[in-house]
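Novice:
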Amino acid sequence: MAAFQTTPWRLISGILAVTCLVLMAALGILLKNLFAEQSFQPTSSPGGTTEPQEGSGSCSCEGKWIGYRCNCYLISNEKKTWKESRDFCASQNSSLLQLQNKDELSFTNHITFLFWIGLSYSEEHGAWLWEDGSPLSPHLVSSSKNINTQNCIMYSTSANIHGEGCGKTSRSICKKQLI
């Protein structure tokens, strides 16, 4: 009689175990797809452009570019070296991100990864310069004095810059100014 009573419980526990495994697999697939896609999915209009986001005025961006305050940003999912990232942005008629102010990237606050930006050290000028040759404003980021000048610069949304070997691969953000 005891063997008869344990059989339904074994069946129930087996069903629950299989259900748990299926749910865990589904969760894994959902999380993988979530992190594999870009953090932002622009809303395409019928004309193939991206609708401007809040604060962007009447500016719009094409394709996978994100419009924000009359600038277009492309967040790369591919990991590349700093030079490869710079070349990729140039091929898109843009440049690696150059920050103008602290809240410029407020729409990326939930991004947790580091990404390459267009900042490098100029031995000639003895300063950190953006790709266009303008100097880094000290109020934009935490101190850059402790960063090895041989490194390239990565940025995190906590407004911190980090020096990394230029051969390391990482994501990047390209920027186009529309006005």
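Per the UniProt record's numbering, the sequence shown starts with residue 1, numbered consecutively. Each residue gets a CB set at the ideal place from its N, CA and C atoms; glycine is no exception.
Let me confirm a value: M154 is counted as buried when at least 16 other C-beta atoms fall within 10 Å, else exposed. Which label applies?
Specialist: buried
Novice: In whole angstroms, give me the CA-to-CA distance for E131 and M24.
Specialist: 46 Å
Novice: Output yes or no for whether 7 Å exceeds the beta carbon distance between C166 and W65.
Specialist: no
Novice: With a Cβ-Cβ cutoff of 7 Å, do F115 and I173 count as a contact?
Specialist: yes
Novice: Below 8 Å, how does it come out for the stretch 94 to 103 and the stretch 116 to 131: are there three or more Cβ pairs, yes or no?
Specialist: Look at the beta carbons and you see the stretch 94 to 103 touching the stretch 116 to 131: at least three pairs across the two are nearer than 8 Å.
Novice: Whole-angstrom Cβ separation of K175 and N71, contact assumed at under 8 Å?
Specialist: 6 Å
Novice: Spatial neighbours of L140 within its chain, please: CB distance less than 8 Å, with the 5 preceding and 5 following residues excluded, ordered by chain position.
Specialist: Take L140, set aside five residues on each side of it, and the residues of its chain with a beta-carbon closer than 8 Å to its own are L99, N101, K102, A159, in chain order.
Novice: At what residues does the alpha helix (DSSP H) containing R171 begin and finish?
Specialist: First-last for R171: 171 to 177, but that is the beta strand (DSSP E), not the alpha helix (DSSP H).
Novice: Could you check what DSSP says for F113 in three-state terms: helix, strand or coil?
Specialist: coil
Novice: Tell me where the alpha helix (DSSP H) around S122 begins and ends.
Specialist: Segment 119 to 122 is the beta strand (DSSP E) holding S122; no alpha helix (DSSP H) there.
Novice: Would DSSP call W130 helix, strand or coil?
Specialist: strand
Novice: Classify E123 as buried or exposed, calling it buried when 16 or more other Cβ atoms lie within 10 Å of its own Cβ.
Specialist: exposed
Novice: Any idea what DSSP makes of Q38, helix, strand or coil?
Specialist: In this prediction, Q38 has a pLDDT of 40, which is less than 50 and means its spatial position is unreliable; what the coordinates show is noted afterwards. Residue state, collapsed to three classes: coil.
Novice: For a test of the three-state rule: what should DSSP assign to E164, helix, strand or coil?
Specialist: strand
Novice: Rounded to the nearest angstrom, what separates R106 and S156 at their Cα positions?
Specialist: The sequence given here places Ser at residue 106; Arg does not occur at that position. If I take the Cα positions, the gap works out to 12 Å.
Novice: How would you call W128, buried or exposed, if buried means at least 16 neighbouring beta carbons within 10 angstroms?
Specialist: buried
Novice: What residue does the beta strand (DSSP E) around S85 start on, and which one ends it?
Specialist: That residue, S85, is in no beta strand (DSSP E); its alpha helix (DSSP H) goes 82 to 91.
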